[in-house]
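Student:
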Amino acid sequence: MWPWLFVAPTLLGLAVFYFWPVIQTAYFSFTTWGVFGGSEFTGLKNWIDLLESGAVPRALVNTLLYTAMVLLGIPISIYIASLLNRPGLRFAAFYRVLFFAPFVSMQAAIALVWGMIFNSQYGILNQFLGIFGIPPVYWTSTEWVALIAIGIVGIWSTLGFNIIILGAGLRSIPAEMYEAARIDGASNWRQLLSITVPLLSPSIFFLTVLSVIRGMELFDLIFIMIGESNPIKGDTQSMVSLFYREAFIGNDKGTGAAIAILLMLIIGLLTVIQFWVQRRWLSFE
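Under numbering that gives the first Met the number 0, the sequence shown has 3 at position 4, and the numbering climbs by one with no breaks.
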């Protein structure tokens, strides 16, 4: 009895603030809402409209592309964490704080700063490229270039957290294993593949799951860097951006709820796949 009493507040909070909203949103996805409120049960109409709409596949592709780019930050983080983990490195703690600072910054602030950097007219990046005679690049007004620019910001903003997690994992690997490998003639590349990556696999798996979830929830960077007046906003929108436009700008709560449930199912499916795949390569030894 006592264990249930101790966990009851947490279970009650989950039921009220998580499970009930999910159930309510699932119900809303089968309804159509009027302009002045009030709903009507319309069955699968919203879901059929989503499947027939070209906006959802495009938004899903954009979201998956961004997520894939963010995942590229993990191998980059492994390399940087290895550099920061070298014995005798001065100011290592300062460097870790420097890398970690963007992660604790507001996404809106990050998007505003990088939006100015990528500005095609007065941005620092184009001014730097102009030194080498490279013409201005329209970073946030060209479809695929804008997606790459947003992916770069996504990688940059998550590097710090990845480095902290991977750095802790690297410090837990016994130095004797590397010494024995060097005595056996193993190259740095072989040590990376045979020692570092296998022993870091729990940390890599943890970061992969988090990166996929965060990537699928992309909204702030697109909303601020691309903007509502940008002609390519429809070609670069993510699933959450599409949900925002349908539910709040278009005032179509039913379709917005269907998009939210669809996104939740996709994230759940990707997470299940990752947990299934990790059985084949995850090592806790």
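All C-beta atoms in this analysis are idealised placements derived from N, C-alpha and C, irrespective of residue type, glycine included.
As the structure is a computational prediction, the values presented were derived from the model and not from experiment.
Quick check on this structure: which residue in Ile75, Ala257 and Phe274 has the alpha carbon closest to the alpha carbon of Ile286?
Tutor: Nothing can be reported for residue 286, as the shown portion of the chain is limited to 0 through 284.
Student: What does the Cβ neighbour count give for Met224, buried or exposed, with the cut at 16 atoms within 10 Å?
Tutor: Residue mapping note: residue 224 aligns to position 225 of the sequence shown, counting from 1. Buried, because 16 or more other Cβ atoms sit within 10 Å of the Cβ of Met224.
Student: Between the Cα of Lys44 and those of Tyr26, Val60 and Ala58, spot the shortest distance and give me the residue it belongs to.
Tutor: Residue mapping note: residue 44 aligns to position 45 of the sequence shown, counting from 1. Answer by Cα proximity: Tyr26.
Student: Is Ser76 near Asn187, with beta carbons less than 7 Å apart?
Tutor: Within the sequence shown, residue 76 is the residue found at index 77, counting from 1. Within the sequence shown, residue 187 is the residue found at index 188, counting from 1. Not closer than 7 Å, so no.
Student: For the alpha helix (DSSP H) holding Trp138, just list the boundary residues, first then last.
Tutor: What you label residue 138 is simply residue 139 of the sequence shown in a count that begins at 1. Where Trp138 is concerned, there is no enclosing alpha helix (DSSP H), given that its DSSP letter is neither H nor E.
Student: By DSSP, does Glu216 sit in helix, in strand, or in coil?
Tutor: In the sequence shown, counting from the first residue as 1, residue 216 sits at position 217. Of the three classes helix, strand and coil, the one that applies to Glu216 here is coil, per DSSP.
Student: Taking only three categories from DSSP, how would you classify Glu39?
Tutor: Walking along the sequence shown from the start, residue 39 turns up at place 40. Three-state DSSP puts Glu39 in a strand.
Student: Note the first and the last residue of the continuous alpha helix (DSSP H) segment covering Thr195.
Tutor: Within the sequence shown, residue 195 is the residue found at index 196, counting from 1. Thr195 -> no alpha helix (DSSP H), and no H or E assigned at all.
Student: Do you know offhand how far Phe102's Cα is from Gly153's?
Tutor: Mapped onto the sequence shown, residue 102 falls at position 103. Mapped onto the sequence shown, residue 153 falls at position 154. Taking the straight line joining both Cα atoms gives about 10 Å.
Student: Go to Gln23, then tell me how far its alpha helix (DSSP H) extends in each direction, as first and last residue.
Tutor: The residue labelled residue 23 in the question sits at position 24 within the sequence shown. Note, Gln23: alpha helix (DSSP H), Trp19 to Phe27.
Student: Hey, would you say Ala259 sits closer than 7 Å to Thr24, going by beta carbons?
Tutor: Residue 259 sits at position 260 when you count from the first residue of the sequence shown. Residue 24 sits at position 25 when you count from the first residue of the sequence shown. In contact: Ala259 and Thr24 (Cβ atoms closer than 7 Å).
Student: Cutting at 8 Å between CB atoms, please list the residues of its own chain near Tyr137, excluding the five before and the five after it.
Tutor: Within the sequence shown, numbered from 1, the residue matching residue 137 stands at position 138. Only Ser119 and Val144 meet the Cβ criterion.
Student: Who pairs with Trp32 in a beta bridge, going by DSSP?
Tutor: Within the sequence shown, numbered from 1, the residue matching residue 32 stands at position 33. Answer by DSSP bridge pairing, in chain order: Ser38.
Student: Given this structure, state the Cα-to-Cα distance separating Thr62 from Gly214, to the nearest angstrom.
Tutor: Taking the sequence shown and counting its residues from 1, one reaches residue 62 at position 63. Taking the sequence shown and counting its residues from 1, one reaches residue 214 at position 215. Spanning the two alpha carbons is a distance of roughly 7 Å.
Student: Tell me the rounded alpha-carbon separation between Tyr177 and Gln190.
Tutor: Counting from one through the sequence shown, the residue named residue 177 turns up at place 178. Counting from one through the sequence shown, the residue named residue 190 turns up at place 191. So the alpha carbons of these two residues sit roughly 7 Å apart.
Student: Going straight from the alpha carbon of Asn125 to that of Ile231, what length do you get?
Tutor: The sequence position of residue 125 within the sequence shown is 126, counting from 1. The sequence position of residue 231 within the sequence shown is 232, counting from 1. Cα to Cα, Asn125 sits roughly 20 Å from Ile231.
Student: Here's the rule: buried if 16 or more other CB atoms are within 10 angstroms of the residue's CB, otherwise exposed. What is Gly53?
Tutor: On the sequence shown, position 54 is the one that residue 53 refers to. Under this definition Gly53 is an exposed residue.
Student: CB-CB under 7 Å to Ile116, same chain, minus the five flanking residues each way: which ones, in chain order?
Tutor: The residue labelled residue 116 in the question sits at position 117 within the sequence shown. For Ile116, where only same-chain residues beyond five positions count, the Cβ hits under 7 Å are Gly122, Ile123 and Leu124.
Student: Using 7 Å as the threshold, is the C-beta distance between Gly249 and Thr31 below it?
Tutor: Here residue 249 is taken as the residue at index 250 of the sequence shown, counted from 1. Here residue 31 is taken as the residue at index 32 of the sequence shown, counted from 1. For Gly249 and Thr31, no; Cβs fall outside 7 Å.
Student: Does Asn118 come out as helix, strand or coil in the three-state DSSP assignment?
Tutor: Here the question's residue 118 lines up with position 119 in the sequence shown. It is coil, neither helix nor strand.
Student: Can you tell me which of the three DSSP states Gly249 falls into?
Tutor: Taking the first residue of the sequence shown as 1, we reach residue 249 at position 250. Three-state result, Gly249: coil.
Student: Under 8 Å by Cβ, that's how I've got Ser210 and Ile73 pegged, so tell me the actual separation to the nearest angstrom.
Tutor: Position 211 of the sequence shown, counting from 1, holds the residue named residue 210. Position 74 of the sequence shown, counting from 1, holds the residue named residue 73. Going by Cβ atoms, the distance from Ser210 to Ile73 rounds to 7 Å, so yes, they are a contact pair.
Student: Residues in its own chain within less than 6 Å of Tyr94 by CB, not counting five upstream and five downstream?
Tutor: Your numbering for residue 94 matches position 95 in the sequence shown. Leu83.
Student: What three-state label does DSSP hand Pro86 in the structure shown?
Tutor: Position 87 of the sequence shown, counted from the first residue, corresponds to residue 86. Note: Pro86 maps to coil in three-state DSSP.
Student: Let's see if you can read the secondary structure: which residues bound the alpha helix (DSSP H) around Ser240?
Tutor: Counting from one through the sequence shown, the residue named residue 240 turns up at place 241. Unbroken alpha helix (DSSP H) run through Ser240: Met238 to Tyr243.
Student: Measuring only the C-alpha atoms, how far is Asp48 from Tyr17?
Tutor: By 1-based counting over the sequence shown, the position of residue 48 is 49. By 1-based counting over the sequence shown, the position of residue 17 is 18. The straight-line gap from Cα to Cα measures roughly 27 Å.
Student: Can you tell me the Cβ-Cβ gap for Gly166 and Ala92, rounded? I've got them flagged as a contact below 8 Å.
Tutor: Looking up residue 166 in the sequence shown gives position 167. Looking up residue 92 in the sequence shown gives position 93. That belief does not hold up - the Cβ atoms of Gly166 and Ala92 are roughly 11 Å apart, past 8 Å.
Student: By DSSP, does Ile47 sit in helix, in strand, or in coil?
Tutor: Here residue 47 refers to the residue found at position 48 when the sequence shown is read from its first residue. Note: Ile47 maps to helix in three-state DSSP.
Student: Thinking just about the alpha-carbon of each residue, which of Val60, Ser38 and Val271 is nearest to the one in Thr207?
Tutor: Indexing the sequence shown from 1 puts residue 207 at position 208. Out of Val60, Ser38 and Val271, Val271 has the C-alpha closest to the C-alpha of Thr207.
Student: For Glu227, does the three-state DSSP call read helix, strand or coil?
Tutor: Here the question's residue 227 lines up with position 228 in the sequence shown. Three-state result, Glu227: coil.
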